[in-house]
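> Here it is: the structure, laid out below.
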Amino acid sequence: MEFILTPEQEDIRKMVREFAAKAIAPTAAERDEQEIFAREIFDQMGKLGLMGLPYPEEYGGAGSDYVSYAIAVEEVSKVCASTGIGLSVHVSLCSGPIFLYGNEEQKQKFLRPLAEGTKLGAFGLTEPDAGTDAANGASTAVKDGDSYVLNGTKVFTTNGGEAEIYIVFAATDKALGPKGMSCFIVEKGTPGFTFGKKEIKMGIRASVQRELIFENCRVPAANLLGKAGDGFKIAMSALDSGRIGVAAQATGIAQGALDEAIKYAKQRVQFGKPIATFQAVNFMLADMATRIEAARLLTYQAAFRRAKGLPYSKEAAMAKLFASDAAMAVTTDAVQVFGGYGFSREYPVERLMRDAKITQIYEGTNQAQRMVIAGNILR
Amino acid sequence: MEIVVCVKQVPDTTEVKIDPVTNTLVRQGVPSIVNPFDKFALEIGLQLKEKHGGRVTVVSMGPPQAKDALKECLAMGADAAILLSDRAFGGADTLATSYTLAAAVRKLGNVDLLLCGKQAIDGDTAQVGPEMAEHLGWAQVTYAAAVEVDGDRVKVNREQDEGYDVVTSSLPAVVTIIKTATEPRYPTVKGTMKANRTEIPVWTAADLEVDADCLGLNGSPTKVKRIFTPQRQVHGEIIEGEPREAAAALVEKLRELKIV
Numbered sequence: 046m047e048f049i050l051t052p053e054q055e056d057i058r059k060m061v062r063e064f065a066a067k068a069i070a071p072t073a074a075e076r077d078e079q080e081i082f083a084r085e086i087f088d089q090m091g092k093l094g095l096m097g098l099p100y101p102e103e104y105g106g107a108g109s110d111y112v113s114y115a116i117a118v119e120e121v122s123k124v125c126a127s128t129g130i131g132l133s134v135h136v137s138l139c140s141g142p143i144f145l146y147g148n149e150e151q152k153q154k155f156l157r158p159l160a161e162g163t164k165l166g167a168f169g170l171t172e173p174d175a176g177t178d179a180a181n182g183a184s185t186a187v188k189d190g191d192s193y194v195l196n197g198t199k200v201f202t203t204n205g206g207e208a209e210i211y212i213v214f215a216a217t218d219k220a221l222g223p224k225g226m227s228c229f230i231v232e233k234g235t236p237g238f239t240f241g242k243k244e245i246k247m248g249i250r251a252s253v254q255r256e257l258i259f260e261n262c263r264v265p266a267a268n269l270l271g272k273a274g275d276g277f278k279i280a281m282s283a284l285d286s287g288r289i290g291v292a293a294q295a296t297g298i299a300q301g302a303l304d305e306a307i308k309y310a311k312q313r314v315q316f317g318k319p320i321a322t323f324q325a326v327n328f329m330l331a332d333m334a335t336r337i338e339a340a341r342l343l344t345y346q347a348a349f350r351r352a353k354g355l356p357y358s359k360e361a362a363m364a365k366l367f368a369s370d371a372a373m374a375v376t377t378d379a380v381q382v383f384g385g386y387g388f389s390r391e392y393p394v395e396r397l398m399r400d401a402k403i404t405q406i407y408e409g410t411n412q413a414q415r416m417v418i419a420g421n422i423l424r
Numbered sequence: 591m592e593i594v595v596c597v598k599q600v601p602d603t604t605e606v607k608i609d610p611v612t613n614t615l616v617r618q619g620v621p622s623i624v625n626p627f628d629k630f631a632l633e634i635g636l637q638l639k640e641k642h643g644g645r646v647t648v649v650s651m652g653p654p655q656a657k658d659a660l661k662e663c664l665a666m667g668a669d670a671a672i673l674l675s676d677r678a679f680g681g682a683d684t685l686a687t688s689y690t691l692a693a694a695v696r697k698l699g700n701v702d703l704l705l706c707g708k709q710a711i712d713g714d715t716a717q718v719g720p721e722m723a724e725h726l727g728w729a730q731v732t733y734a735a736a737v738e739v740d741g742d743r744v745k746v747n748r749e750q751d752e753g754y755d756v757v758t759s760s761l762p763a764v765v766t767i768i769k770t771a772t773e774p775r776y777p778t779v780k781g782t783m784k785a786n787r788t789e790i791p792v793w794t795a796a797d798l799e800v801d802a803d804c805l806g807l808n809g810s811p812t813k814v815k816r817i818f819t820p821q822r823q824v825h826g827e828i829i830e831g832e833p834r835e836a837a838a839a840l841v842e843k844l845r846e847l848k849i850v
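These protein sequence lines map, in sequence, to chains V and E. Under the working numbering, the first sequence has 288 at position 243, and the numbering climbs by one with no breaks. Under the working numbering, the second sequence has 846 at position 256, and the numbering climbs by one with no breaks.
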């Protein structure tokens, strides 16, 4: 057993870290404050190969692995969690299902531009009345000749309105429950497909979560992903992968907060000494670092298993559960280390704390993660 | 065209710390980077290659860990990299360094254009580029902001205090590059992966046609007697008053000092 990254993974970390520091970090506070979604950052990440990092070169990807992908999401999220989730959704939730379930034509038509980063991806599963109970959505898709006619509303869709390619779930046979759910690739601009309300949020404010509205939207039957009835299976496998992305995002947020807290604790002088010399503070820092290390190891383990083709559903759920709780705890402590300044928008830790909260909720709430884990260990 | 870019691995800090006893740079705890001006030189080299075809080879002299700097250059798009590393090269001043690098350029052969950053941010001498030109007997143009190649000639915008000179030269030539308008490209994922698979050959003194007396400490006439941080003699001044008046007072002072 080895606990070290390959030289390639190390170098990808360094490469993404430098890019993130120069091209993403300088505007992170302003984009959060003004709720600016910066497409140019995603375009740039596309040129560098980050938008298709784990996918083969034949589909426009960079041909790296899932661990490197987790590392990339972590490094990006360290400076901007909003960009981190946009990347994660694009790679895990949108491109992932097409790579795993798409036919060759679908891969060339949709996966290639996604992996090359010329098109942005999104994933529409959650509905106003179907969150954790995702199989109980009200959206429908009725076969009519060479197309399916979609009706329904999706909410909280990350990259919604900005993305060109959407993975959308709808019931083709309501009577069959989860087995009657199907998955479609829907392009922006398809008649009958519009965008509704943009969420106004506590955190990840430079990321867009928006309503998708389908009103008699005709989607070519060729855009059905997998077979009719495969939808729920596809959604669950996409979410398994997505959890690795969110775990990586949470790890990155936590690490970003710890880095700031360490820097500050060394500089801030009270009672004639840097506060880092006080045990009350440095024990906090030690606990933060330990939590992050555990989160990172769980995350890389899940990514490693996925890359090796091993079962990883339980591990991804554990990683997401633990890393998101770690992010919440660590960012809260980081604000505490900063004291009053931590509460001020002058320093980034309050943003990181606001950003951390969502990681306990999306890609399945942490309660849903426990359902997955319990389901696995009680088999 | 065959382009060689010489790069140096330098400590990533503008406040280089000096060991007061040994008078050498303290490298411990300071991350290493590719000298920023060298990256601009590499960017120009890569652009010329994209326009005219050919290859870009990066060469560095340094300890084995300088391979990391070369790897980054490969990830940015350089075709090949060579590290000059040998205990015999240690302690080299700019003369011995440029002598060794020039020998490597000669060994590569058929080089049309040799690019370097105008200076390294640690030593700040700006001597290695021009000295290489002397060793090679090539033309040199320093402080270039733009480089164009047309047939067997190179056209360079050489920075001056007010504007720039347009200098043309025959090839082969040595051109040193300043911080240009085009930021050096970021390494890509594919480039990074390729860099990892690319073997970086290490050339020692035995691989070069060199006179051992001209290498490293032996070949370095420069003797560093003492390095120290100068005492700051001039203190800052705060100009009080309304912004408009304070700005006017500032401009007046700058005029008096002949800065503007």
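The C-beta atom is built at its ideal place from N, Cα and C for all residues, glycine as well. What you are looking at is a predicted structure, and each value in this text was computed from that prediction instead of being measured.
Can you tell me which residues form a DSSP beta bridge with residue 793(E)?
Here residue 793(E) is taken as the residue at index 203 of the second sequence, counted from 1. Residue 793(E) is bridged to 674(E).
> Helix, strand or coil for residue 60(V), going by three-state DSSP, please let me know.
In the first sequence, counting from the first residue as 1, residue 60(V) sits at position 15. Residue state, collapsed to three classes: helix.
> Taking buried to mean at least 16 other C-beta atoms within 10 Å of its own C-beta, is residue 762(E) buried or exposed?
Position 172 of the second sequence, counted from the first residue, corresponds to residue 762(E). The residue is buried, with at least 16 neighbouring Cβ atoms inside 10 Å.
> For residue 389(V), is the classification buried or exposed, using 16 other Cβ atoms within 10 angstroms of its Cβ as the cut-off for buried?
In the first sequence, the residue the question calls residue 389(V) occupies position 344. The residue in question, residue 389(V), is exposed, as its Cβ has fewer than 16 Cβ neighbours within 10 Å.
> At which residues does the alpha helix (DSSP H) containing residue 125(V) begin and terminate?
In the first sequence, residue 125(V) corresponds to position 80, counting from 1. Careful: residue 125(V) lies outside any alpha helix (DSSP H) and carries neither H nor E.
> Report back the beta-carbon spacing between residue 120(V) and residue 65(V) to the nearest angstrom; my notes put them in contact at under 8 Å.
Working through the first sequence from its first residue, we reach residue 120(V) at position 75. Working through the first sequence from its first residue, we reach residue 65(V) at position 20. Between residue 65(V) and residue 120(V) the Cβ distance is about 5 Å, and since that is below 8 Å, they are a contact.
> Could you list the residues in the segment 83-94 of chain V with a C-beta less than 9 Å from some C-beta on chain E, going in chain order?
Of all residues in the segment 83-94 of chain V, 89, 92, 93, 94 have a Cβ within less than 9 Å of some Cβ in chain E.
> For residue 403(V), report the span of its alpha helix (DSSP H) as first-last.
Translated into positions along the first sequence, residue 403(V) becomes position 358. Taken as a continuous stretch (DSSP letters only), the alpha helix (DSSP H) holding residue 403(V) covers 394-404.
> Would you be able to state if there are at least three C-beta pairs under 8 Å between the segment 347-367 of chain V and the segment 100-117 of chain V?
Because the criterion of three Cβ pairs below 8 Å is met, the segment 100-117 of chain V and the segment 347-367 of chain V touch.
> Less than 8 Å between the C-beta atoms of residue 289(V) and residue 372(V), yes or no?
Mapped onto the first sequence, residue 289(V) falls at position 244. Mapped onto the first sequence, residue 372(V) falls at position 327. No, the Cβ-Cβ distance between residue 289(V) and residue 372(V) is not below 8 Å.
> Roughly how many angstroms lie between the CA atoms of residue 174(V) and residue 182(V), to the nearest whole one?
As a working mapping, residue 174(V) is identified with position 129 in the first sequence. As a working mapping, residue 182(V) is identified with position 137 in the first sequence. For residue 174(V) and residue 182(V), the distance between alpha carbons rounds to 7 Å.
> Is DSSP giving residue 628(E) helix, strand or coil here?
Within the second sequence, residue 628(E) is the residue found at index 38, counting from 1. Note: residue 628(E) maps to helix in three-state DSSP.
> When you compare only the Cα positions, how much space is there between residue 253(V) and residue 59(V)?
As a first step, residue 253(V) must be located in the first sequence, where it is residue number 208. As a first step, residue 59(V) must be located in the first sequence, where it is residue number 14. Straight-line Cα distance between these residues: approximately 28 Å.
> Find the residues of chain V that neighbour residue 665(E), judging by a C-beta separation of less than 8 Å, and give them in chain order.
Within the second sequence, residue 665(E) is the residue found at index 75, counting from 1. Ordered by position in chain V, the residues that pass the 8 Å Cβ test against residue 665(E) are 56, 60.
> My assumption, with CB atoms under 8 Å, is that residue 673(E) sits in contact with residue 650(E). Please give the rounded CB distance.
On the second sequence, residue 673(E) is found 83 positions in, with the first residue counted as 1. On the second sequence, residue 650(E) is found 60 positions in, with the first residue counted as 1. The Cβ separation is near 6 Å, so the contact holds.
> Could you please give the first and the last residue of the uninterrupted beta strand (DSSP E) stretch that includes residue 254(V)?
Indexing the first sequence from 1 puts residue 254(V) at position 209. Note, residue 254(V): beta strand (DSSP E), 254-265.
> May I ask you to report which of helix, strand or coil DSSP gives residue 641(E)?
Position 51 of the second sequence, counted from the start, is the residue given in the question as residue 641(E). Here residue 641(E) sits in helix by DSSP.
> In whole angstroms, what is the alpha-carbon distance linking residue 777(E) and residue 637(E)?
Start at 1 with the first residue of the second sequence, and residue 777(E) comes out as number 187. Start at 1 with the first residue of the second sequence, and residue 637(E) comes out as number 47. Residue 777(E) and residue 637(E): Cα-Cα distance of roughly 14 Å.
> If we ignore side chains and look at the alpha-carbon of each, how far apart do residue 828(E) and residue 847(E) end up?
Here residue 828(E) is taken as the residue at index 238 of the second sequence, counted from 1. Here residue 847(E) is taken as the residue at index 257 of the second sequence, counted from 1. Going by the C-alpha atoms only, they are around 16 Å apart.
> Thinking C-beta only, is residue 707(E) closer than 8 Å to residue 628(E)?
Counting from 1 along the second sequence, the entry for residue 628(E) is found at position 38. Counting from 1 along the second sequence, the entry for residue 707(E) is found at position 117. Closer than 8 Å, so yes.
> Over what stretch of residues does the beta strand (DSSP E) that includes residue 814(E) continue unbroken?
Position 224 of the second sequence, counting from 1, holds the residue named residue 814(E). That residue, residue 814(E), is in no beta strand (DSSP E); it is neither H nor E in DSSP.
> With a threshold of 8 Å between beta carbons, is residue 122(V) in contact with chain E?
By one-based count along the first sequence, residue 122(V) stands at place 77. No, residue 122(V) lies away from the interface with chain E (no Cβ there is under 8 Å from its Cβ).
> So what does DSSP say about residue 83(V), is it helix, strand or coil?
Position 38 of the first sequence holds residue 83(V). Here residue 83(V) sits in coil by DSSP.
> What residue range does the beta strand (DSSP E) around residue 763(E) cover?
For the purposes of this step, residue 763(E) is taken as the residue at position 173 of the second sequence. Unbroken beta strand (DSSP E) run through residue 763(E): 763-767.
> Is it buried or exposed for residue 328(V), if we count other Cβ within 10 angstroms and need 16 for buried?
Residue 328(V) sits at position 283 when you count from the first residue of the first sequence. It is exposed - the Cβ of residue 328(V) has fewer than 16 other Cβ atoms within 10 Å.
> Buried or exposed: residue 690(E), going by 16 or more other Cβ atoms within 10 Å of its Cβ?
Taking the first residue of the second sequence as 1, we reach residue 690(E) at position 100. Its Cβ being crowded by 16 or more others within 10 Å, residue 690(E) is buried.
> Would residue 748(E) and residue 758(E) qualify as a contact pair, given that the criterion is a beta-carbon distance under 8 Å?
Along the second sequence, read from residue 1 onward, the residue named residue 748(E) stands at position 158. Along the second sequence, read from residue 1 onward, the residue named residue 758(E) stands at position 168. Not a contact, by the Cβ cut-off of 8 Å.
> For residue 148(V), count neighbouring Cβ atoms within 10 angstroms of its own Cβ and tell me buried if that reaches 16, exposed if not.
Reading the first sequence from its first residue, position 103 is the one you call residue 148(V). Exposed, because fewer than 16 other Cβ atoms sit within 10 Å of the Cβ of residue 148(V).
> With DSSP as the reference, label residue 235(V) as helix, strand or coil.
Position 190 of the first sequence, counted from the start, is the residue given in the question as residue 235(V). Here residue 235(V) sits in coil by DSSP.
> Does residue 64(V) get closer than 8 Å to chain E when you measure Cβ to Cβ?
On the first sequence, residue 64(V) is found 19 positions in, with the first residue counted as 1. Output row for residue 64(V): interface = yes.
> Is the separation between the beta-carbon of residue 226(V) and that of residue 277(V) shorter than 8 Å?
In the first sequence, counting from the first residue as 1, residue 226(V) sits at position 181. In the first sequence, counting from the first residue as 1, residue 277(V) sits at position 232. In this structure, residue 277(V) lies closer than 8 Å to residue 226(V) by Cβ.
> Using a Cβ-Cβ cut-off of 8 Å, state whether residue 50(V) counts as contacting chain E.
Mapped onto the first sequence, residue 50(V) falls at position 5. Cβ-Cβ to chain E under 8 Å: no for residue 50(V).
> According to a CB-to-CB cut-off of less than 9 Å, which residues of the segment 776-795 of chain E neighbour chain V?
Here the close residues are 776, 777, 778, 779, 780, 781, 782, 783, 785, 786, 787.
> Select from 145(V), 152(V), 90(V), 68(V) the residue whose C-alpha is nearest the C-alpha of residue 133(V).
In the first sequence, residue 133(V) corresponds to position 88, counting from 1. When each option's Cα is compared against that of residue 133(V), the closest is 90(V).
> Mind reading off the beta-carbon distance from residue 296(V) to residue 341(V)? Whole number of angstroms is fine, and I expect it under 8 Å.
Taking the first sequence and counting its residues from 1, the one referred to as residue 296(V) is at position 251. Taking the first sequence and counting its residues from 1, the one referred to as residue 341(V) is at position 296. Confirmed, about 5 Å.
> Quick check on DSSP: helix, strand or coil for residue 286(V)?
The count along the first sequence starts at 1 and reaches residue 286(V) at position 241. Residue 286(V) falls in the helix class under three-state DSSP.
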